Amino acid sequence: MKNYFSIHDIDSLDTWVNEAIALKTAPLSHNELGKNKTIGMLFFNPSLRTRLSTQKAAINLGMNVMVMNFTGEGWSLEYGDGTVMDQGNSEHVKEAAQVVSQYCDVLAIRAFAKLESKDEDYSEKVLKSFIKYATIPVVNMESATGHPLQALTDAITITEHKKIDKPKVVLSWAPHPKALPQAVANSFVEMMQKMDANFVITHPVGFELASEITKEVPIDYNQENAFKDADFIYVKNWSSYHDYGKVGSDKSWQITKEKMNLTNNAKFMHCLPVRRNVVIDDAVIDSKNSVVIEQANNRTYAAQLVLKKILENR
Amino acid sequence: MKNYFSIHDIDSLDTWVNEAIALKTAPLSHNELGKNKTIGMLFFNPSLRTRLSTQKAAINLGMNVMVMNFTGEGWSLEYGDGTVMDQGNSEHVKEAAQVVSQYCDVLAIRAFAKLESKDEDYSEKVLKSFIKYATIPVVNMESATGHPLQALTDAITITEHKKIDKPKVVLSWAPHPKALPQAVANSFVEMMQKMDANFVITHPVGFELASEITKEVPIDYNQENAFKDADFIYVKNWSSYHDYGKVGSDKSWQITKEKMNLTNNAKFMHCLPVRRNVVIDDAVIDSKNSVVIEQANNRTYAAQLVLKKILENR
Amino acid sequence: MKNYFSIHDIDSLDTWVNEAIALKTAPLSHNELGKNKTIGMLFFNPSLRTRLSTQKAAINLGMNVMVMNFTGEGWSLEYGDGTVMDQGNSEHVKEAAQVVSQYCDVLAIRAFAKLESKDEDYSEKVLKSFIKYATIPVVNMESATGHPLQALTDAITITEHKKIDKPKVVLSWAPHPKALPQAVANSFVEMMQKMDANFVITHPVGFELASEITKEVPIDYNQENAFKDADFIYVKNWSSYHDYGKVGSDKSWQITKEKMNLTNNAKFMHCLPVRRNVVIDDAVIDSKNSVVIEQANNRTYAAQLVLKKILENR
Numbered sequence: 000m001k002n003y004f005s006i007h008d009i010d011s012l013d014t015w016v017n018e019a020i021a022l023k024t025a026p027l028s029h030n031e032l033g034k035n036k037t038i039g040m041l042f043f044n045p046s047l048r049t050r051l052s053t054q055k056a057a058i059n060l061g062m063n064v065m066v067m068n069f070t071g072e073g074w075s076l077e078y079g080d081g082t083v084m085d086q087g088n089s090e091h092v093k094e095a096a097q098v099v100s101q102y103c104d105v106l107a108i109r110a111f112a113k114l115e116s117k118d119e120d121y122s123e124k125v126l127k128s129f130i131k132y133a134t135i136p137v138v139n140m141e142s143a144t145g146h147p148l149q150a151l152t153d154a155i156t157i158t159e160h161k162k163i164d165k166p167k168v169v170l171s172w173a174p175h176p177k178a179l180p181q182a183v184a185n186s187f188v189e190m191m192q193k194m195d196a197n198f199v200i201t202h203p204v205g206f207e208l209a210s211e212i213t214k215e216v217p218i219d220y221n222q223e224n225a226f227k228d229a230d231f232i233y234v235k236n237w238s239s240y241h242d243y244g245k246v247g248s249d250k251s252w253q254i255t256k257e258k259m260n261l262t263n264n265a266k267f268m269h270c271l272p273v274r275r276n277v278v279i280d281d282a283v284i285d286s287k288n289s290v291v292i293e294q295a296n297n298r299t300y301a302a303q304l305v306l307k308k309i310l311e312n313r
Numbered sequence: 000m001k002n003y004f005s006i007h008d009i010d011s012l013d014t015w016v017n018e019a020i021a022l023k024t025a026p027l028s029h030n031e032l033g034k035n036k037t038i039g040m041l042f043f044n045p046s047l048r049t050r051l052s053t054q055k056a057a058i059n060l061g062m063n064v065m066v067m068n069f070t071g072e073g074w075s076l077e078y079g080d081g082t083v084m085d086q087g088n089s090e091h092v093k094e095a096a097q098v099v100s101q102y103c104d105v106l107a108i109r110a111f112a113k114l115e116s117k118d119e120d121y122s123e124k125v126l127k128s129f130i131k132y133a134t135i136p137v138v139n140m141e142s143a144t145g146h147p148l149q150a151l152t153d154a155i156t157i158t159e160h161k162k163i164d165k166p167k168v169v170l171s172w173a174p175h176p177k178a179l180p181q182a183v184a185n186s187f188v189e190m191m192q193k194m195d196a197n198f199v200i201t202h203p204v205g206f207e208l209a210s211e212i213t214k215e216v217p218i219d220y221n222q223e224n225a226f227k228d229a230d231f232i233y234v235k236n237w238s239s240y241h242d243y244g245k246v247g248s249d250k251s252w253q254i255t256k257e258k259m260n261l262t263n264n265a266k267f268m269h270c271l272p273v274r275r276n277v278v279i280d281d282a283v284i285d286s287k288n289s290v291v292i293e294q295a296n297n298r299t300y301a302a303q304l305v306l307k308k309i310l311e312n313r
Numbered sequence: 000m001k002n003y004f005s006i007h008d009i010d011s012l013d014t015w016v017n018e019a020i021a022l023k024t025a026p027l028s029h030n031e032l033g034k035n036k037t038i039g040m041l042f043f044n045p046s047l048r049t050r051l052s053t054q055k056a057a058i059n060l061g062m063n064v065m066v067m068n069f070t071g072e073g074w075s076l077e078y079g080d081g082t083v084m085d086q087g088n089s090e091h092v093k094e095a096a097q098v099v100s101q102y103c104d105v106l107a108i109r110a111f112a113k114l115e116s117k118d119e120d121y122s123e124k125v126l127k128s129f130i131k132y133a134t135i136p137v138v139n140m141e142s143a144t145g146h147p148l149q150a151l152t153d154a155i156t157i158t159e160h161k162k163i164d165k166p167k168v169v170l171s172w173a174p175h176p177k178a179l180p181q182a183v184a185n186s187f188v189e190m191m192q193k194m195d196a197n198f199v200i201t202h203p204v205g206f207e208l209a210s211e212i213t214k215e216v217p218i219d220y221n222q223e224n225a226f227k228d229a230d231f232i233y234v235k236n237w238s239s240y241h242d243y244g245k246v247g248s249d250k251s252w253q254i255t256k257e258k259m260n261l262t263n264n265a266k267f268m269h270c271l272p273v274r275r276n277v278v279i280d281d282a283v284i285d286s287k288n289s290v291v292i293e294q295a296n297n298r299t300y301a302a303q304l305v306l307k308k309i310l311e312n313r
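From first to last, the protein sequence lines are chains A, B and C.
The first sequence begins at 0 in numbering that gives the first Met the number 0 and counts up one residue at a time.
The second sequence begins at 0 in numbering that gives the first Met the number 0 and counts up one residue at a time.
The third sequence begins at 0 in numbering that gives the first Met the number 0 and counts up one residue at a time.
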């Protein structure tokens, strides 16, 4: 593996998940591996879990960390080939990526979807440009269309909590007052197709994800029906893919205790941050079945495993 | 001590002050104590001294440091119980605090008074919410109503400079063009009640601090009278507690050389930043009696002692 | 050397350049020198290369790094002597510099020209105030009128690439849509006067740099003539010094392949960031003669050498 751009960069999911779980019991067991290696973490968007867990993962491996917010601390970047740069952007990604590659051993980048143009977002302009021009490995800390560190975290969390070999896992859309990217949902859907799971997606009509991603995964437009006998309920809002960026705030999709009661005592998962009493009721996230905090903890070990793989591969 | 929320978390002031003074002579003497321990420093407000001295203190103890500005780098937080989060805030402190606790060993937080509502500020919503939900120790890097790292610094500085066992210490209000919190003054007042000092507060009528804090401390509305025979003049502006947040800019309270001449050759103290020639005259802060720079230096050792106590207690 | 304020702080250029080139082959060879030493990096402006290369240089020397953006993270600073500080600024540089000096062993500061007043910019108010009041060495990470870390980088890069003892080096102005400082050009002009080079400056009439800096350096207002037989073309826009801050966007000065063809197969240099197809054509920066990426890499070793000199001198 050179880069960790998407979950397709995982060569053997089972091995990775088991290695991550092992790291969790001994986080400092490879703290010489990253000695005198430097990770540059570049943020084009806000971040709490990703920022701190990836930093912690690097520290656990003995790496040096340089964090940079591109919003304000650096120069606004141009991505177009051949652009006459007489507008707002001061630096081309071609230089920025090559230059930063010389100061670091690994680059980690967060750049959300702007939700203005489907074509632009799904071209993965920012991450793919950095990958194209960087001369060091690049890690995706959530791009326009994917969040593979989150999806690896989710695979770890499901593995830890599952009681049967092939659990029923439901990805449920839920309402949100703002337009959110499809990145987390996309990567989770891809991950569930790699895991041994009975996987169903449920969302309102019009909120179908890209069919290139969902492929043969069954979609149930009836949320209550989908929840029946579920072992895991994974909740996430996303804005419309087809009517690109359209907000979805239908309150009838909010996750309630009553809906959770339809499941097989399912664990409740969410990537966070989550808006309480909009996406989910307090009663659900505060219940003993909610594993959102443990899930967030696993972010450290997912990131640490990815960095370990990259460092071992150098 | 689990948390360092206020100076009431100090179990033995004399011991602490002496330990801090000892740390100052050998700052690296415990540089293995923090090995593989991580402090997360969360800022909701600007900070120079607190930011750098606390970071330096952690480094001196061998800790890893992760700094995060919540203003822009993270998600805006909700603090209310049961809130329907369909407005501006993206994440509840309940998740944020629990999650961050998993990446760090100690949390340090700065969250100023907003000076819009006395009830809200004096409820210490931000710090108390983090303390409630965090599963690791929390250090107050200035909250809405207190600045206990500053007050410990001040106790160290007074101990170093006092020439008699029970010096006369005067907290003098001074004018300022903006509305400032009462936090520094509150913690200093509480600290002086713990020290062996002849302590007096002087301020204009209407600028009384909370009586729950000042208790039996004498208040003299005549600044020049209060200054007589003082060994330490501690200057600070604060906005009105009773007419909550009202600016106080009465120039007749500005600290001048003439007023300092009324004292017993008093040392001049201020927590900084200070507006020259508004709060105090250049002639005072630039005089040999001004200990403001040494006082700022002691911030490192106050923070280092607090972190040391927390690490030793784990 | 106490401070690295300008290239005049270099005592022996040849020695420095050779030491920097040696550091490049063994960046970790002095990684004990900075042990338990802390650099404070203060930014008043955006920075990519300077931010990350200086941080990396400090890490290579084993130093601790504390980074602070003064824009937002700290207090706005006052620089005037005797000012009545009743306006926007909260803290005087006199305190800030003294205080920060107590938490760090070296200070590095970036503070651009504001291009509002020639007198103010050329007084180097910010850097000189920090140097005046700081009690530790100060490194210039680009000030109002100079960028000596860049100029040292440039000397290293030219030394590495020159094929004859006294190459022809041309500093060429090029157009830009915004008003840029003269800092990089100034320091490069000063540096070329220290190196064994046949040095020429070319720019449109009205864009003369300060004569105190250019001294006897020949100025050719004919760009194509200047390019003839050049071994190095160093490109940089700057706004007018005489009509202070006036934008220069004359497209006929843009660097093209045709112009480069007039040279003696010259290496192309630029400090970056650069606006493609405005300052220079893609064909030039993407050509094999472009050394801009290697030049940016040398930023690390220039900074590392300066920090090493400072640490050795303590």
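Heads up, the beta-carbon is just placed ideally off N, CA and C, and yes, glycines get one too.
No experiment lies behind these values; they were computed from the predicted model shown.
Quiz item: If contact means a Cβ-Cβ distance below 9 Å, which residues of the region 44-71 of chain B contact chain A?
Solution: N63, M65, V66, M67, N68, F69 and G71
Exercise. Under the assumption that Q253(A) contacts I279(A) (Cβ atoms under 8 Å), give the Cβ distance between them as a whole number of angstroms.
Key: 7 Å
Exercise. Could you tell me which chain D residues have their CB closer than 9 Å to the CB of T156(C), listed as they occur along the chain?
Key: Looking at the structure shown, chain D is missing, and the protein chains on hand are A, B and C.
Quiz item: For chain A, is any of its Cβ atoms less than 8 Å away from the one on P180(C)?
Solution: no
Quiz item: Between E223(B), K161(B) and E311(B), which lies nearest to N197(B) when the distance is taken from Cα to Cα?
Solution: Put simply, of E223(B), K161(B) and E311(B) the residue whose alpha carbon is nearest the alpha carbon of N197(B) is K161(B).
Quiz prompt | Contact set between T299(B) and chain C, taken where Cβ atoms lie within less than 9 Å | solution = Q101 and Y102
Self-check item: Proximal residues of chain B, C-beta to C-beta of P176(A) below 9 Å
Solution: M84, D85 and Q86
Quiz item: What three-state label does DSSP hand N139(B) in the structure shown?
Solution: strand
Quiz item: Is it the case that the Cβ atoms of F206(A) and S239(A) are separated by a distance below 8 Å?
Solution: By the CB criterion at 8 Å, F206(A) and S239(A) fall inside the cutoff.
Practice problem: Quick one: give me the first and last residue of the alpha helix (DSSP H) that L306(A) is part of. | Solution: Taken as a continuous stretch (DSSP letters only), the alpha helix (DSSP H) holding L306(A) covers V291 to E311.
Quiz item: Is the CB of D230(A) under 8 Å away from at least one CB in chain B?
Solution: no
Quiz item: What is the DSSP secondary structure of K256(C), counted as helix, strand or coil?
Solution: helix
Quiz item: How do the region 51-60 of chain C and the region 20-39 of chain C stand: do at least 3 beta-carbon pairs fall below 8 Å, yes or no?
Solution: yes
Self-check item: CA-to-CA distance, I309(C) to N44(C), given in whole angstroms
Solution: 24 Å
Quiz prompt | Range covered by the alpha helix (DSSP H) that runs through Y132(B) | solution = Here the alpha helix (DSSP H) through Y132(B) covers K124 to Y132.
Quiz item: Does any CB atom of chain A fall closer than 8 Å to the CB of N221(B)?
Solution: no
Quiz item: With a CB to CB cut of under 8 Å and the five nearest residues on each side skipped, what residues in its chain are close to D195(C)?
Solution: D164 and K165
Quiz prompt | The alpha helix (DSSP H) enclosing G71(A), as first and last residue numbers | solution = F69 to E72
Quiz prompt | 6 Å Cβ shell around L179(A) - same chain, five flanking residues per side excluded | solution = N236, W237 and S238
Quiz prompt | Reduced DSSP category for S171(A) - H, G, I as helix; E, B as strand; rest coil | solution = strand
Exercise. Kindly say whether N35(C), judged by its beta-carbon, lies nearer than 8 Å to any beta-carbon of chain B.
Key: yes
Quiz item: Taking the DSSP output, what are the residues bridged to F231(A)?
Solution: V168(A) and K266(A)
Quiz prompt | Between the CA atoms of A154(B) and M191(B) - distance to the nearest angstrom | solution = 8 Å
Exercise. Go ahead and pull the three-state DSSP assignment for T156(B).
Key: T156(B) carries a helical assignment under DSSP once its states are collapsed to helix, strand and coil.
Quiz prompt | N276(C) at chain A interface by Cβ criterion, 8 Å | solution = yes
Exercise. Please name the residue or residues paired with V188(A) in a DSSP beta bridge.
Key: In DSSP, V188(A) forms no bridge with anything.
Exercise. Pull out every residue of the region 113-130 of chain B whose Cβ sits closer than 8 Å to any Cβ of chain A, in chain order.
Key: Result list empty, no residue passes.
Exercise. Check each candidate in Y121(C), D120(C), H269(C) and T82(C) and name the one with the smallest Cα separation from S171(C).
Key: H269(C)
Practice problem: Could you tell me whether any Cβ in chain C is nearer than 8 Å to the Cβ of D249(B)? | Solution: No, because no Cβ of chain C sits closer than 8 Å to the Cβ of D249(B).
Exercise. Compute the Euclidean distance between the alpha carbons of T53(A) and I6(C), then round it to the nearest angstrom.
Key: 39 Å
Self-check item: Test: Q97(A) CB closer than 8 Å to a CB of chain C
Solution: yes
Quiz item: Quick one: which chain A residues come within Cβ less than 7 Å of N260(C)?
Solution: Those within 7 Å of N260(C) in chain A number zero; the least Cβ separation is about 21 Å.
Practice problem: Note down, in chain order, every chain C residue with its Cβ under 8 Å from the Cβ of S89(A). | Solution: P272 and R274
Quiz item: Excluding the five sequence neighbours on either side, which residues of its own chain have a C-beta within less than 8 Å of the C-beta of P203(A), listed in chain order?
Solution: If you ignore the 5 residues before and after P203(A), its C-beta comes within less than 8 Å of the C-beta of W172, Y220, G247, D249 and W252, all in its own chain and listed in chain order.
Quiz prompt | Same chain, Cβ closer than 7 Å to K177(C), neighbours up to 5 away in sequence not counted | solution = If we look at K177(C) and ignore the five residues flanking it on each side, its Cβ neighbours are V246.
Quiz item: Could one say the Cβ of D153(A) lies closer than 8 Å to chain B's Cβ atoms, at least one of them?
Solution: no
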